[in-house]
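Notes follow the structure.
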Amino acid sequence: MDYIKEIAEAMSANHAAVMIGAGFSKNADKISSTDKWFKNWNELSDMFYETVYGNAGPGKEYNSSLRLAQEVEITVGRPKLENILKEAVPDEDYGPSEVYTKLMELPWRDVFTTNYDTLLERAADKVSKRRYNVVVNQEDLVNSNDAPRILKLHGSFPSQRPFIITEEDYRTYPIKFAAMVNTVQQALLENVFCMIGFSCEDPNFLSWIGWIHDNLGKSSSQKIYMISIEHISEAKQKLLFDKNIIVVDLQELYPEKEIPERLKSFFENLRKLIEEKDKKDQWFDLSEIAISAENSFEEKTKKLKVLNNSYPGWIFLPWKMKYKVNRVLEELDDEWDFFAKKEKLVDISFSMQIEYMYEYVKFLNIVGRPIILETAEKFWDILENSKEKEEKTEYKIQYIYLQLLRAYRELADWEKYDLCRAKILESTLKYEEKQFLYSNDWWMKMYRFKDVNLIDLLNKWDLAQGDLYWPIIKSSMYAIAGEKVKGEQILGEILPKIRQQLVKNSKDEYLCSIEECIVSLLNFMRQGDWQVNLDAEMEACIQTGDVNWWGENEEYCSHLNEKEDKKPETSVQTNYDLSITYTSHMGRCNSKIYYALDYLRFLEQTGHPFRIQMVTNTKGFQRVIETLYLYYPQWCLIQILIAQNEKELDMLFGRNKLSGMTQEEVDNCIQEYIKALDLVSKNIKPENANWSTSVYDNSAKILPQIISRLCYKCSIEILDQILDYMLILCSSNVRDNFKGINKILEGVCNAYTEKEQGERIEKILRFPMKTNERRTYYDPVNYLKRPKEKYKINDDLYNNIIIQIRQLMEIGTAQEKADALQRLIILAQLIYLKQNDEEYLYQCLEKKQTCEHQNILYHLNKERYKLNDDLILKNTLQLMEQDSNKQYFSSHTGSYRELIDILPDVQSDAIDYKKIFSVMTKLIKTNIDRKNDQQTAFQIEERSKQSYRIAVGLLLLKIKKKEIISIEEKEVIEEYFKTLQEYYNASNVLEFIEKLLLEKLNISEDIYTNMEEKLWLHSEEDINLLQIFYLETSRIKIDIKQMKRFGTFSNMVYQMAIYRIINTEISNVMPVLRLLYALVVNNIIVERETKLLFINLPRLMKDTTIRVEDFEKEARHKLNCRREICVIVSEYYKKGERNNNVLEWMELTKNSNEFVEIRNIEFE
96 MDYIKEIAEA MSANHAAVMI GAGFSKNADK ISSTDKWFKN WNELSDMFYE TVYGNAGPGK
156 EYNSSLRLAQ EVEITVGRPK LENILKEAVP DEDYGPSEVY TKLMELPWRD VFTTNYDTLL
216 ERAADKVSKR RYNVVVNQED LVNSNDAPRI LKLHGSFPSQ RPFIITEEDY RTYPIKFAAM
276 VNTVQQALLE NVFCMIGFSC EDPNFLSWIG WIHDNLGKSS SQKIYMISIE HISEAKQKLL
336 FDKNIIVVDL QELYPEKEIP ERLKSFFENL RKLIEEKDKK DQWFDLSEIA ISAENSFEEK
396 TKKLKVLNNS YPGWIFLPWK MKYKVNRVLE ELDDEWDFFA KKEKLVDISF SMQIEYMYEY
456 VKFLNIVGRP IILETAEKFW DILENSKEKE EKTEYKIQYI YLQLLRAYRE LADWEKYDLC
516 RAKILESTLK YEEKQFLYSN DWWMKMYRFK DVNLIDLLNK WDLAQGDLYW PIIKSSMYAI
576 AGEKVKGEQI LGEILPKIRQ QLVKNSKDEY LCSIEECIVS LLNFMRQGDW QVNLDAEMEA
636 CIQTGDVNWW GENEEYCSHL NEKEDKKPET SVQTNYDLSI TYTSHMGRCN SKIYYALDYL
696 RFLEQTGHPF RIQMVTNTKG FQRVIETLYL YYPQWCLIQI LIAQNEKELD MLFGRNKLSG
756 MTQEEVDNCI QEYIKALDLV SKNIKPENAN WSTSVYDNSA KILPQIISRL CYKCSIEILD
816 QILDYMLILC SSNVRDNFKG INKILEGVCN AYTEKEQGER IEKILRFPMK TNERRTYYDP
876 VNYLKRPKEK YKINDDLYNN IIIQIRQLME IGTAQEKADA LQRLIILAQL IYLKQNDEEY
936 LYQCLEKKQT CEHQNILYHL NKERYKLNDD LILKNTLQLM EQDSNKQYFS SHTGSYRELI
996 DILPDVQSDA IDYKKIFSVM TKLIKTNIDR KNDQQTAFQI EERSKQSYRI AVGLLLLKIK
1056 KKEIISIEEK EVIEEYFKTL QEYYNASNVL EFIEKLLLEK LNISEDIYTN MEEKLWLHSE
1116 EDINLLQIFY LETSRIKIDI KQMKRFGTFS NMVYQMAIYR IINTEISNVM PVLRLLYALV
1176 VNNIIVERET KLLFINLPRL MKDTTIRVED FEKEARHKLN CRREICVIVS EYYKKGERNN
1236 NVLEWMELTK NSNEFVEIRN IEFE
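At position 633 of the sequence shown the residue is numbered 728 (my numbering), and the sequence of numbers has no breaks.
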């Protein structure tokens, strides 16, 4: 019966094929009145003999039926031979019997036959639950494997020739019918093979067995079973066994049954075993278990117990079980009170509560579903509030606590975790539960960044010799903690032990899933070792079960990433009035959340992290974080650290999420992360700066970026703590292991006000000045604001810094010299340099011939380097001419900012206006040709705007100094604006600005009415051009109020800006806010519209308040608008406005829970 069980298991796994011989035709039912019967080989040989020799022959003594068939063909021809075959095989007079039907109902991978009759095909037609493709020749093989096949190897009645029967047919068969032979060979390699209807003397049997022996050998093919209805001698059985053929003796198995009944019983036993195996593999029938929300807790407990006790044993739930398990959980977790008398968990006895909770959490553990917060709290309260503790329930209570412990770790509820941990009595736990506890404590220490050595904890973890599961988890933990070699070693040692047991029980669900996990994890680790040859041998499973780790992983990823049909959480709708509405949708469907939770549990239970060294498995990572970050922020953070994936940081630490936190909460977070950063710094090595080997290395790349985000909301006390620790870290030998240090320093410096920076200037100057090779660290003085009054520092510190700078300038590398010079340049703007140091700086800069360095000299000492403005102008024109070349694109990044910076101080009488505007006209013409090139569009747009800004500035200088524009100059300038109009597609703004600057406005004309109408049609691009114009008027210090044509136009622009601000959705208002700021700093204020703005200030405050549910892009836009509005309101305040709504905005800057961008805006 063991052989039958092996065949049944192979069938269940879709790895069993059958070959049907001539003897099976004896089971056919006669369907006509005929005296014909299916001849056996002896009877057929007699017919061949009589055809050749007649009854008067030398006597019927022959060894080969195939040779006799050959003699028939030679003697009387092939047609006569085929007629004999048809006479011996009365196909039309017989039909398939019940034995045939039972054979074809079984789940064979393929059915091969050497028979010519059509009984198998006709039997297949009677089977409703299976479909077979019939292959009668090689051409039929194409596209035939979409269903099980009936393969007619030797031809088929009525006319599919040749019928393979002669010696010559068999000799040439492998050549003429190679495709058929290859199909049989593949089947023998992949499947358990059964042969039915063959005798040991059967020529077909002997021929195929000989071929198998010659071509495949004993070790290459799967087991071959010869199903014999009659007893075969032990000698023959041994001969067959030596050829890898195992005889299944049905006479021995069913001695009391007649021959036809033996096959029926054999097929019936196979069917029953397959059904039992399938039933076990399917675990349970949903309709039979019939668990319902309406069941009492006693009924639910009984059904859960049945489910738990009947679990096949996989260490991870196969995806095929998901639907059924989810249905059960839906019923168990159904809280909808449709029935007034529905039983509540809190109302039943404590003993029943324990029974139910125990079976429930056990079921969740089996199926890999984390306990959600609501359930954990409910179960915790029951355990805590009851005093009816009984000794017989103590183990179950301890088990419940264990499962709650993991839930609190996943939820990062450390207070509850510690309380729960104290409840667990290790002495009462069984071996499995003790290992569960040890692993959970290890994870806890990692999650909480406890100052412990994770490797030491693993070294102390003693596992039993025969333990097959926990070594997988220990191995994975070693890899995460940076000891991948130890992890591989553990897996390499345990894999042979698993396989030894699989040899005895190849279909055991537990062993199969264990092997699958080990093999996939081992290969995962090996791929992460850059020292191993890329072609290194990967492991493969020997089990043929239906569990596949990567297949299960793919199912999770596929379901997590599939497009949802439900409405998005936030939708954007354009309204009739062209405004935009954002709508949030909240749904009840939690399937994605459960998929994400189950996926994280699946990875943990099978020991597969998202990343091991440089190899990742992150196909489903993004959707997991997106789905769970609101509910499991710490669990998500740990996965981000393990995966070293910074892309998802906005999910946890975006402006939208920080808006929902108080400053105190942010401060607490930062203190925890500084501790974590310190722990990481102690567990990484300088040589791993470019190579991640552990979660510590990964954390070094992520934690600084988290802290840099939190800087923008924390208190000044915490900023000081960050600065203190960063000074320590940046002076250490592991600084370069950390990615994002520059972002922390930038964030800290930006968060300080100018005054606060000055109070900490000496500490900031103690930071190293050298940029590292990976460009992850820059001298923090680069991020400091330039003070209105220079700072004073300690003489010793000053001398030390200057000595360092001079040493690097003399003997440093090119990069070190550049860093030292940059430090000295900034130092000259922050503090008073001694005269000799100042001269040293000037000499260093004078040696440089770039426009940038001449500009620096000019700004450091305008009096001394006032002639540098000519050089800057000359260099800028050369750059513009270079950028005007249509033959190639110059991708410099410097642009024309040096000239823009010095414009307010340039002497206009020394400027060649004709040359400058001619060069800029040529530049814009080139830009028109390149405008639509996506690769260069940004640079082209920036160059065009800067040229426009230079043009406006130069013409404002003329106006300020009341210089007359010559006719020649005017022509060139007009040509420039005409070209600029072409670039900006006939902008209304440019038309008016050109007239203003060239004094072409005729005030007596009704031009302002036309101008006012066009103002309301201005595009965002027009608004930006207006803003540039007014920023330049402010920089050049033009008093617009004293110029009527400017004043009238500007008042209209102011009115337009106010009305747009109060009537436009906040998502579209930013360009107009920038324009309003430029107007206000130019003292362009219209009283009536200003009052309207003040009335709307509370609404603007509300509209720019960030909500946690906002998209991050939307949150950042709101903050930008909020900052711009606050800056504008501060300008009104400085001009004497004390409107209550203005004062409300001033109070906003004092709110500690606002972002630093708002808090640092000065009103006084």
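A virtual CB, placed ideally from N, CA and C, is assigned to each residue, including glycine.
{"query": "Quick check: what's the CA-CA separation for residue 1209 versus residue 873?", "result": "30 Å"}
{"query": "How about residue 611 and residue 642: are their beta carbons less than 8 Å apart?", "result": "yes"}
{"query": "Relative to the alpha-carbon of residue 189, which residue among 204, 133, 1186, 175 has its alpha-carbon at the smallest distance?", "result": "133"}
{"query": "What separation, rounded to the nearest whole angstrom, lies between the Cα atoms of residue 744 and residue 1019?", "result": "41 Å"}
{"query": "What do you reckon, is the C-beta of residue 278 under 7 Å from a heavy atom of the ligand FMN?", "result": "The ligand content of the structure shown is nil, which means the ligand FMN is not present either."}
{"query": "Does residue 562 come out as helix, strand or coil in the three-state DSSP assignment?", "result": "coil"}
{"query": "Over the uninterrupted alpha helix (DSSP H) stretch that includes residue 288, give me the two end residues.", "result": "Careful: residue 288 lies outside any alpha helix (DSSP H), inside the beta strand (DSSP E) at 287-291."}
{"query": "With respect to the alpha helix (DSSP H) encompassing residue 392, which residues constitute its N-terminal and C-terminal limits?", "result": "392-404"}
{"query": "Is the beta carbon of residue 734 sitting closer than 8 Å to the one on residue 705?", "result": "yes"}
{"query": "Quick check: the Cα distance between residue 1057 and residue 1066, rounded to an integer number of angstroms?", "result": "19 Å"}
{"query": "Rounded to whole angstroms, what's the CA-CA distance from residue 120 to residue 374? Just pull it up for me.", "result": "33 Å"}
{"query": "Could you tell me the distance, in whole angstroms, from the CA atom of residue 1098 to the CA atom of residue 1073?", "result": "Caution is warranted here: a pLDDT of 47 is assigned to residue 1098, below 50, making its placement in the model unreliable, and the coordinate value is therefore given only provisionally. Spanning the two alpha carbons is a distance of roughly 23 Å."}
{"query": "Specify whether the segment 602-619 and the segment 399-411 touch according to this definition: at least 3 beta carbon pairs, one from each stretch, less than 8 Å apart.", "result": "yes"}
{"query": "If you count every other CB in all the chains shown that lies within 10 Å of the CB of residue 709, and 16 or more means buried, which is it?", "result": "exposed"}
{"query": "For residue 271, does the three-state DSSP call read helix, strand or coil?", "result": "helix"}
{"query": "What does the Cβ neighbour count give for residue 1127, buried or exposed, with the cut at 16 atoms within 10 Å?", "result": "buried"}
{"query": "Is the segment 745-763 touching the segment 1196-1205 in the sense that three or more CB pairs, one from each, lie closer than 8 Å?", "result": "yes"}
{"query": "Have a look at the DSSP bridge pairing and note the partners of residue 255.", "result": "251"}
{"query": "I need the DSSP call for residue 706, collapsed to helix, strand or coil.", "result": "strand"}
{"query": "Would you mind working out which of 444, 397, 379 sits nearest residue 416, comparing C-alpha positions?", "result": "379"}
{"query": "According to DSSP, is residue 164 helix, strand or coil?", "result": "helix"}
{"query": "At the level of alpha carbons, what is the spacing between residue 1158 and residue 782?", "result": "59 Å"}
{"query": "Measuring only the C-alpha atoms, how far is residue 862 from residue 790?", "result": "28 Å"}
{"query": "Express the C-alpha separation of residue 984 and residue 1037 in angstroms, rounding to a whole number.", "result": "14 Å"}
{"query": "Return yes when the Cβ of residue 847 is within less than 8 Å of the Cβ of residue 814, no when it is not.", "result": "yes"}
{"query": "Applying the 10 Å Cβ sphere with the 16-neighbour rule, what's the burial state of residue 526?", "result": "exposed"}
{"query": "If you drop the 5 nearest sequence neighbours on each side, which residues of the same chain put their C-beta closer than 6 Å to that of residue 960?", "result": "952, 953"}
{"query": "Give me the Cβ distance between residue 691 and residue 711, rounded to the nearest whole Å; I'm assuming they're in contact under 8 Å.", "result": "With 8 Å as the limit, residue 691 and residue 711 do not qualify as a contact, their Cβ atoms being about 18 Å apart."}
{"query": "Which stretch, first to last residue, makes up the alpha helix (DSSP H) that contains residue 697?", "result": "686-700"}
{"query": "Going straight from the alpha carbon of residue 810 to that of residue 473, what length do you get?", "result": "37 Å"}
{"query": "Nearest by alpha-carbon distance to residue 424: which of 764, 970, 465, 890 is it?", "result": "465"}
{"query": "Looking only at DSSP bridge pairs, what is residue 111 linked to?", "result": "287"}
{"query": "To the nearest angstrom, how far is the alpha carbon of residue 870 from that of residue 974?", "result": "28 Å"}
{"query": "Express the C-alpha separation of residue 777 and residue 674 in angstroms, rounding to a whole number.", "result": "In this prediction, residue 674 has a pLDDT of 39, which is less than 50 and means its spatial position is unreliable; what the coordinates show is noted afterwards. The straight-line gap from Cα to Cα measures roughly 54 Å."}
{"query": "Quickly, what does DSSP pair residue 207 with across the bridge? List them, please.", "result": "114, 246"}
{"query": "Determine the DSSP secondary structure at residue 724, reduced to helix, strand or coil.", "result": "coil"}
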